[in-house]
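Beneath this line is the structure, given in structure tokens, with notes to follow.
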Amino acid sequence: MNNRITTLLLSLVVVFHQSPVESCTNFLAGSGATVDGSTLITYAADSHNLYGELYHWPAQDWPEGSWLDIKEWDSGKPLGRIPQVAHTYSVIGNMNEHQVTIGETTFGGRSELVDTTGIMDYGSLIYVTLQRATTAREAIGIMTDLVAEHGYYSSGESFSIGDPNEVWILEMIGKGPDYKGAVWVAVRIPDDCVAGHANQSRIRTFPLDDPDNCLYSPDVISFARQKAYFSGMNTEFSFADAYAPLDFGALRGCDARVWSFFRRVNGTMDAYLPYIKGESKDAMPLFIKPDRKLSAQDFKDFMRDHFEGTPFDMQQDVGAGPYKVPYRWRPMNFTVDSVEYVNERATATQQTGFSFVAQMRSWLPNPVGGVFWFGVDDANTSVYVPMFCGITEIPNCFKVGNGDMLTFSWTSAFWIYNWVANQAYHKYSYMIKDIRPVQQALENGFTADLPKLDNMARSLYTQYPDSVRSLLTRYSVEQAEASTARWKQLGEYLMVKYIDGNVKKEKDGRFERNEYGLPAYPEFPGYDAEYYRQVAKDAGDKLKVTKTIHDKQ
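Positions 261 to 813 (this note's numbering) are the ones given, in order, by the sequence shown.
Shown next, in the form of structure tokens:
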């Protein structure tokens, strides 16, 4: 780690001398809830059709009268065009040059409120706003103004919006084809709290006279009355209950992910298990205080959650198979003898296109203060690589156009990580033990590098801002490519070690050979006792070893 920092510093000295998405998950943390005072937002963009790549829009000046074409993020469908602004900011993924970050999860809500004549879909709202906003609060204003002026095309959406000082949740839903725009409410998460949303509206009652911490559309309550969604007093109004009523799927498939996150940071959250199971109306709070200060690494680990230690732990039923796989292939629901059942939906899931942990730091210059920890495919078997918001180039392994969902590429991180993950899904309890040490070594190395880069950038940025950006760009590009190469090496190792259900013998970190140089005979681990017992029970006499007429009596 020290060698690569030293190399970058030497190169910097030379420079000086020369002159769609389906289900998603978001977690948020205020600056007072973290170990270093940063704000945090996580996002898993989960879709069976979304390719994992890192978007980049350079800063740009636009001639007066310019227009911006809007295409639906999920499908690429042209929706219309809107006037372009005079200047747009640089964006790396979902974080811009001012460290403003936006993530989302779709809650859907009442289907009659979708307006297919609108121009702004949720994805376009995110990426257009990132190119225009300097703070989270400004981003909320831009997003709500855009849908008011141009119409809102998507269904109900929860947005995570943050900057180095504030984090907010904005929830929005259209008003149907007869009314342009959307109804919405935005709540600031207290500095000492964490929050989350996972495809279910989370804002219930909210303060009506606290603009520092809560903003909302003028008609958010009156429109609900007009549509007969609500008839009580204004102070009793619940956005979620009016516009996205709960059902089994919303609780078990959505809010359960937030609950699992909450219970990992606060010891009182098991009290809300009856709510998650649909047995209580005592709703889980929008935000909570964690029992300890949390780090960016904690949030990376939270994105790898499979309900471990809860009644929903997918490794604890027969569906996990002999290798305790914490995944279930889709569809989510299945029916047996006219009874409907559910596959659990955890935070970590196989169909993730990309995910991130956005770390926003107020005490550093923006280019180095904003760390966009980026990973592709399933967060559980991915590596979060630091992409600083001040970089000017995207690594080839993350670059748009390097492969797609129908085109395999050995230089694409998305395909390399999928290759490793899909090996692990078939022998999980074995392979995850080989994956974790490599994952942890890479991420721990990046974390160890961060203070050195911070100090370097902070001391040099005022005098040499462009060179600092070059330093950060080189670092991010090199680490992305190096970690992808290491993951490819890991995939090769797993293929050799576990081919055909066997396990190759190892000694001192190398596969064993016999005295003549040939591979040592592999081990046959078979299955665990629980699996054999289940097979014997289901197969009955079919697989039983019996005496034959040829056996000696």
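The beta-carbon is built from N, C-alpha and C at its ideal position, and this holds for glycine as well.
Among D798, S743, S482 and Y685, the one whose alpha carbon lies nearest that of A502: In the sequence shown, the residue the question calls residue 502 occupies position 242. Minimum Cα-Cα distance from A502 among the listed residues D798, S743, S482 and Y685 corresponds to S482.
Host beta strand (DSSP E) of K757 (start-end): As a working note, residue 757 is residue 497 in the sequence shown. Going by DSSP, K757 is part of no beta strand (DSSP E) but of the alpha helix (DSSP H) stretching over P725 to Y758.
Cβ-Cβ distance between I362 and A399 below 8 Å: If you number the sequence shown from 1, residue 362 lands on position 102. If you number the sequence shown from 1, residue 399 lands on position 139. In terms of Cβ geometry, I362 and A399 form a close pair [threshold 8 Å].
Environment of E783 [buried if 16+ CB atoms lie within 10 Å]: Position 523 of the sequence shown, counted from the start, is the residue given in the question as residue 783. By the C-beta density criterion, E783 is exposed, having fewer than 16 other C-beta atoms within 10 angstroms.
Straight-line gap, V374 to I342 (C-alpha atoms, nearest Å): Numbered from 1 along the sequence shown, position 114 holds the residue referred to as residue 374. Numbered from 1 along the sequence shown, position 82 holds the residue referred to as residue 342. If you draw a straight line from the Cα of V374 to the Cα of I342, it is about 20 Å long.
Backbone CA spacing between T299 and K549 [nearest angstrom]: The sequence position of residue 299 within the sequence shown is 39, counting from 1. The sequence position of residue 549 within the sequence shown is 289, counting from 1. Rounded to the nearest angstrom, the two C-alpha atoms are 14 Å apart.
Cβ distance (whole Å) where N662 is taken to contact T671 below 8 Å: Reading the sequence shown from its first residue, position 402 is the one you call residue 662. Reading the sequence shown from its first residue, position 411 is the one you call residue 671. About 6 Å separates the Cβ atoms of N662 and T671, confirming a contact at the 8 Å cut-off.
Beta-bridge partners of K812, as assigned by DSSP: Residue mapping note: residue 812 aligns to position 552 of the sequence shown, counting from 1. Paired residue(s): none; K812 is not in a bridge.
Secondary structure of F674, DSSP reduced to three states: The residue you call residue 674 lines up with position 414 of the sequence shown. The DSSP-derived three-state label of F674 is helix.
Bridge partner(s) assigned by DSSP for C649: One-based indexing of the sequence shown puts residue 649 at position 389. Answer is none; C649 lacks a bridge partner.
Residue nearest to Q557 in terms of C-alpha spacing, selected from H308, V480, Y476 and Q699: By one-based count along the sequence shown, residue 557 stands at place 297. Proximity to Q557 across H308, V480, Y476 and Q699 peaks at Q699, based on C-alpha coordinates.
Given L710 as reference, the closest of F594, G777 and F648 once Cα atoms are compared: Counting from 1 along the sequence shown, the entry for residue 710 is found at position 450. Residue F648 holds the alpha-carbon nearest to the alpha-carbon of L710 among F594, G777 and F648.
Cβ shell of P450 (< 7 Å), same chain only, five flanking positions each side left out: Indexing the sequence shown from 1 puts residue 450 at position 190. Here the set comprises G290 and F547.
For V427, the three-state DSSP class (helix, strand or coil): Here residue 427 refers to the residue found at position 167 of the sequence shown. Per DSSP, reduced to three states, the secondary structure at V427 is strand.
DSSP bridge partner residues for L554 (one or two, in chain order): In the sequence shown, residue 554 corresponds to position 294, counting from 1. Looking at the DSSP assignment, L554 forms a beta bridge with T294.
D714 beta carbon less than 8 Å from that of V645: As a working note, residue 645 is residue 385 in the sequence shown. As a working note, residue 714 is residue 454 in the sequence shown. The beta carbons of V645 and D714 sit no closer together than 8 Å.
V281 in three-state terms, based on DSSP: As a first step, residue 281 is located in the sequence shown; it is residue number 21 there, counting from the start. Any reading at V281 must be qualified, since the residue scores a pLDDT of 41, below 50, and its modelled position is unreliable; the value itself is stated next. In the structure shown, V281 sits in coil (DSSP, three-state: anything other than H, G, I, E or B).
Nearest candidate by alpha-carbon position, reference F634, set C474, N286 and L314: Looking up residue 634 in the sequence shown gives position 374. It is L314.
First and last residue of the uninterrupted beta strand (DSSP E) at M620: By one-based count along the sequence shown, residue 620 stands at place 360. Per DSSP, the unbroken beta strand (DSSP E) holding M620 starts and ends at T612 to M620.
Neighbourhood of T365 by C-beta, 7 Å cutoff - its chain only, sequence neighbours within 5 removed: Working through the sequence shown from its first residue, we reach residue 365 at position 105. Closer than 7 Å at the Cβ level, and outside the excluded window around T365, lie C284, T285, N286, S418, H457, A458 and N459.
Proximity of N309 and M529 at Cβ, strictly below 8 Å: By one-based count along the sequence shown, residue 309 stands at place 49. By one-based count along the sequence shown, residue 529 stands at place 269. 8 Å or more divides the Cβ of N309 from the Cβ of M529.
Assumed close pair A293, D321 - CB separation to whole angstroms, cut-off 8 Å: Translated into the one-based positions of the sequence shown, residue 293 becomes position 33. Translated into the one-based positions of the sequence shown, residue 321 becomes position 61. So it is not a contact: roughly 38 Å between Cβ atoms.
Beta-bridge pairing of Y412 - partner residues as DSSP gives them: If you number the sequence shown from 1, residue 412 lands on position 152. Bridge pairing for Y412: M380 [DSSP].
Check whether G650 and E357 have beta carbons under 8 Å apart: Here residue 650 refers to the residue found at position 390 when the sequence shown is read from its first residue. Here residue 357 refers to the residue found at position 97 when the sequence shown is read from its first residue. Against a cut-off of 8 Å, the Cβ pair of E357 and G650 comes out as a contact.
Backbone secondary structure at A399 - three-state DSSP: Counting from 1 along the sequence shown, the entry for residue 399 is found at position 139. In the structure shown, A399 sits in a helix (DSSP, three-state: H, G or I).
Close Cβ partners of Y758 (< 6 Å) along its chain, the five nearest in sequence each way excluded: For the purposes of this step, residue 758 is taken as the residue at position 498 of the sequence shown. Excluding sequence neighbours, Y758 sits near K687.
7 Å Cβ shell around P318 - same chain, five flanking residues per side excluded: Along the sequence shown, read from residue 1 onward, the residue named residue 318 stands at position 58. Its chain contains S350 as the residues whose beta carbon lies nearer than 7 Å to that of P318, once the 5 sequence neighbours on both sides are disregarded; these appear in chain order.
Bridge-paired residues (DSSP) for K331: Residue numbering aside, residue 331 sits at position 71 when the sequence shown is read from its first letter. DSSP output for K331 lists P338 as bridge partner(s).
Counted within 10 angstroms of its Cβ, other Cβ atoms place D577 as buried (16 or more) or exposed: By 1-based counting over the sequence shown, the position of residue 577 is 317. Looking at its Cβ environment, which holds fewer than 16 other Cβ atoms inside 10 Å, D577 is exposed.
W519 versus P779 - alpha carbon distance: The residue given as residue 519 occupies position 259 in the sequence shown. The residue given as residue 779 occupies position 519 in the sequence shown. When rounded, the distance between both Cα atoms is 49 Å.
Backbone secondary structure at F668 - three-state DSSP: Numbered from its first residue, the sequence shown carries residue 668 at position 408. The three-state reading of DSSP puts F668 in coil, since its state is none of H, G, I, E or B.
Three-state class that DSSP yields for N774 in the structure shown: On the sequence shown, position 514 is the one that residue 774 refers to. If DSSP states are grouped into helix, strand and coil, N774 belongs with coil.
Of the residues Q619, I695, V660 and V596, the one placed nearest S642, counting alpha carbons only: By one-based count along the sequence shown, residue 642 stands at place 382. Considering only alpha carbons, the answer is I695.
Member of K804, V445 and V454 whose CA lies at the smallest distance from the CA of T465: Along the sequence shown, one-based indexing puts residue 465 at 205. That would be V445, whose Cα lies nearest to the Cα of T465.
Proximity below 8 Å, CB of V360 to CB of D296: Taking the first residue of the sequence shown as position 1, residue 360 is located at position 100. Taking the first residue of the sequence shown as position 1, residue 296 is located at position 36. No, Cβ-Cβ distance for V360 and D296 is not below 8 Å.
C-alpha distance - D469 paired with S307, whole-angstrom precision: Counting from one through the sequence shown, the residue named residue 469 turns up at place 209. Counting from one through the sequence shown, the residue named residue 307 turns up at place 47. Roughly 38 Å separates the two Cα atoms.
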